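> Quick one: the structure is below, questions incoming.
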Amino acid sequence: MTATLTFNDALIDHLAYVADKAYEEHRVRRIADGRLVQLGHVAVIEQWRCEADHGWGQCDEPLLINEQAALLVVGRTWDYALEQPTMPPVWVQVMAHDGLQETELYHLSDVSQDFRKVQQNRKANG
Ligand SMILES: [Zn+2]
434 MTATLTFNDA LIDHLAYVAD KAYEEHRVRR IADGRLVQLG HVAVIEQWRC EADHGWGQCD
494 EPLLINEQAA LLVVGRTWDY ALEQPTMPPV WVQVMAHDGL QETELYHLSD VSQDFRKVQQ
554 NRKANG
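Heads up: the sequence shown runs through residues 434 to 559, numbered per my numbering.
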């Protein structure tokens with residue numbers, strides 16, 4: 434009897450491994466029933482959550498992948514990265530449209546901060 438491991442199974446295993454490792458090393462949890470995160474007119478669903486204790490109890494903030502952060506801050510999913518996040522971003526692999534992708538996870542508080550900056554600049558520039 435031979436066990437057949439499909440590409441799909443391997444991928445699911447791999448993503449589970451990535452999630453386990455992320456939790457072990459950084460206390461970030463991949464979640465299936467995330468909260469809705471809205472900034473301005475754009476909303477995304479939380480996919481990762483920070484359960485680390487940064488010194489004041491469990492954080493519990495939504496963590497946003499690059500694409501989500503970009504969408505919330507600049508209204509598009511590419512060509513954007515947070516410049517000075519307060520919390521060090523955690524790198525994970527996620528499944529994207531074109532396969533596995535490395536992405537940073539940003540705390541919502543950092544993303545909101547950039548969002549406000551962009552809004553202020555827009556106002557200042559008319
Ligand atoms: Zn945190």
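All C-beta atoms, glycine included, are put in the ideal place defined by N, C-alpha and C.
Only a predicted model underlies this, so the values are computations on that prediction, with no experimental measurement involved.
Identify which residue in LEU497, VAL507, GLN480 and ARG460 has its Cα closest to the Cα of GLY490.
Answer by Cα proximity: ARG460.
> What is the residue span of the beta strand (DSSP E) that ILE478 lies within?
Element bounds for ILE478: 475 to 478.
> Rounded to a whole number of angstroms, what is the C-alpha to C-alpha distance between GLN517 and ASN441?
Approximately 37 Å, taken between the alpha carbons.
> Judging by CA-CA distance, which residue of TYR450, LEU538, GLY508 and TYR456 is the nearest neighbour of GLU479?
Considering only alpha carbons, the answer is LEU538.
> For ALA449, report the span of its alpha helix (DSSP H) as first-last.
Where ALA449 is concerned, the enclosing alpha helix (DSSP H) stretches over 440 to 459.
> What's the gap between the Cα of VAL506 and the Cα of ASP547?
Between VAL506 and ASP547, the C-alpha separation is close to 7 Å.
> Rounded to the nearest angstrom, what separates ARG549 and VAL470 at their Cα positions?
If you take the alpha carbons of ARG549 and VAL470, they lie about 15 Å apart.
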